[in-house]
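K.L.:
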Amino acid sequence: MSDKPLYVTEPALPPFEQFEPLLREIWASRRLTNGGAFATRLETELAGYLEAPQVSVLANGTLALMLALKALEVEGEVITTPYSFVATTHALVWSGCTPVFADIDPVSLNLDPAAVEAAITPRTRAILAVHVYGRPCDTAGLQAVADRHGLRLIYDAAHAFGVRLDSGSMMAAGDAAILSFHATKVFHTFEGGAIVCRDEALKARIDLLRNFGFKGETRVLATGINAKMNELQAAFGCLTLGSIDGEIAARAAIAARYRAAFAPLTGLRLLSGLPGVARHNHGYFPVFIEAGFPLDRDALYTRLREQGIIARRYFYPLISDFDMYRDAPGADHLPVARRMADTVLCLPLFGAMDDADVARVIDAVSAAART
Ligand code: T4K
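Okay, so the sequence shown: first residue is 850 according to the numbering used here, each after it adds one.
1. Classify Gly885: buried if its beta carbon has 16 or more other beta carbons within 10 angstroms, exposed otherwise.
2. How would you call Gly983, buried or exposed, if buried means at least 16 neighbouring beta carbons within 10 angstroms?
3. Taking 7 Å as the cut-off, is the CB of Phe1137 close to at least one heavy atom of the ligand T4K?
4. Does at least one heavy atom of the ligand T4K sit under 7 Å from the Cβ of Ala917?
5. Apart from the five residues on each side of it in sequence, which residues of its chain come closer than 8 Å, Cβ to Cβ, to Ser1143?
6. Beta strand (DSSP E) containing Gln836: first to last residue?
7. Which runs of the beta strand (DSSP E) at least 3 residues long sit entirely within the segment 1063–1129? Give them in chain order.
8. Under the three-state reduction of DSSP, which class applies to Glu894: helix, strand or coil?
9. Relative to the C-alpha of His998, which candidate in Thr970, Met1020, Gly1017 has its C-alpha closest?
10. Quick check: what's the CA-CA separation for Leu1057 versus Asn959?
11. Throw me the rounded Cβ distance for the Leu899 and Ser1018 pair, which I believe falls under 8 Å.
12. Could you tell me whether the Cβ atoms of Ala896 and Ile1044 are closer together than 8 Å?
13. Using DSSP bridges, identify the partner residues of Glu926.
14. Applying the 10 Å Cβ sphere with the 16-neighbour rule, what's the burial state of Ser905?
15. How would you call Glu1066, buried or exposed, if buried means at least 16 neighbouring beta carbons within 10 angstroms?
16. Quick one: is the Cβ of Arg1161 within less than 7 Å of any heavy atom of the ligand T4K?
17. Which word fits Lys1034, buried or exposed, when buried means at least 16 other C-beta atoms lie within 10 angstroms of its C-beta?
18. Taking its Cβ as the centre, do 16 or more other Cβ atoms sit within 10 Å of His1182, making it buried, or is it exposed?
19. Hey, out of Pro902, Gly1141, Leu891, Ser957, whose CA is closest to Phe1030's CA?
20. I need the DSSP call for Ala1140, collapsed to helix, strand or coil.
21. Say yes only if the C-beta of Tyr1228 is nearer than 7 Å to one or more non-hydrogen atoms of the ligand T4K, and no if none qualify.
22. Would you please state the rounded distance, in angstroms, between the beta carbons of Pro985 and Leu1123? I believe it to be under 8 Å.
23. Counting Cβ pairs, one atom from each stretch, are 3 or more of them under 8 Å apart for the segment 1094–1105 and the segment 921–938?
24. Just the Cα atoms here: how many angstroms apart are Val1222 and Ala1105?
25. How far does the alpha helix (DSSP H) with Gln903 in it reach, from first residue to last?
26. Assign Pro985 to one of three DSSP states: helix, strand, or coil.
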């Protein structure tokens, strides 16, 4: 059996020869960034693929969050989830907002609309929800809360690329959604991100903000930032968008093998599918190590690591447990999120895993279950 490290993910990479002609095009054009041809093409192609009217490609997902908040003029308190990657909350603070944590729903693992409504104060201006692991939020429930209280609703859809709903595009909900195209994501551009929205004027504002606020050569209309996607990133995205459905299908097949192998194990809980999801993207494979499993979560994490299987505890600790957020409103009462964070383990899942890799994970977890 191989002892090479098996990481939680591995970026999908096309054969290098396929990238080379695109590199040559960039070299020939000498246009490296600032709204080049590949960035423009990627926006058009993503709009088609994601069924999203307006797409702005950006340098990364964190800047996408910051720009969405800025473009929508969000200030004051923003209700958000503690069960996410820390960038979700960091972006709020970088944007001058005050994060307020609300608990998550135990099934979707996303913000519970009732908990959001209970956390609203006269200072609340927006909701920043996350489709964690690509599992859709209760978008109707959250929109109803936002509408009742006149709040902006932004989705951190960093994990949700390629998820399809029976009802249509996952990207249609809220005022805007952001995506991450980081190397660890199902669809990636090394680093990268995007904001998706319906409103043409909002896209125009985002495009202004991502380039320092410049309108033409001499006018600066807003305090923008540099959040542009460069041509290398964009060309890579144009190339790999063509193979993304294959990547997702390969992941789906591995996830199905995991589910079949792990379903009989006592104390290892798999997530149930959510109604209305036509296609999941299998960006992550979280399992929850509960009473009845012979090892606790951290012991299983260590056991797998000793065998070169580098699973990850996404998302532990809760964001609200990091020092800078401990005293934030809501941080002291998040029982559902805490239970999930304390029991979760994300197993390796990526399209290039071969049969032996998959068997290695299944065998290691099954052996631990017999400890
Ligand atoms: N919102 C949400 C909900 C997010 O999850 C994220 C990012 C963001 C916002 C912010 O988006 P970005 O600004 O990042 O675009 C990783 C990623 O850095 C981060 O993008 C991601 N979420 C988060 C969930 O995971 P780490 O610190 O766990 O990454 P790292 O370097 O430990 O990588 C994990 C494994 O992946 C490695 O053990 C090996 C493999 N790997 C990683 C990289 C970078 C590779 O094989 N090749 C690589 O190039 O944060």
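We put the CB at the ideal spot given by N, CA and C, even for glycine.
On a predicted model such as this, the values are computed, not experimentally measured, just so you know.
P.N.:
Taking the definition as stated:
1. buried
2. buried
3. no
4. no
5. Checking the sequence shown, residue 1143 turns out to be Pro, not Ser. These residues qualify, in order along the chain: Gly1116, Ala1217, Ala1218, Arg1219, Thr1220.
6. The structure shown does not extend to residue 836, since the chain is modelled only from 850 to 1220, so the question has no answer here.
7. 1117–1119, 1126–1128
8. helix
9. Thr970
10. 31 Å
11. 6 Å
12. no
13. Thr947, Thr973
14. buried
15. exposed
16. yes
17. buried
18. exposed
19. Leu891
20. coil
21. The structure shown does not extend to residue 1228, since the chain is modelled only from 850 through 1220, so no value can be given for it.
22. 6 Å
23. no
24. Here the chain has residues from 850 to 1220 only, and residue 1222 is not among them.
25. It is not in any alpha helix (DSSP H) - Gln903 instead sits in the beta strand (DSSP E) that spans 903–907.
26. coil
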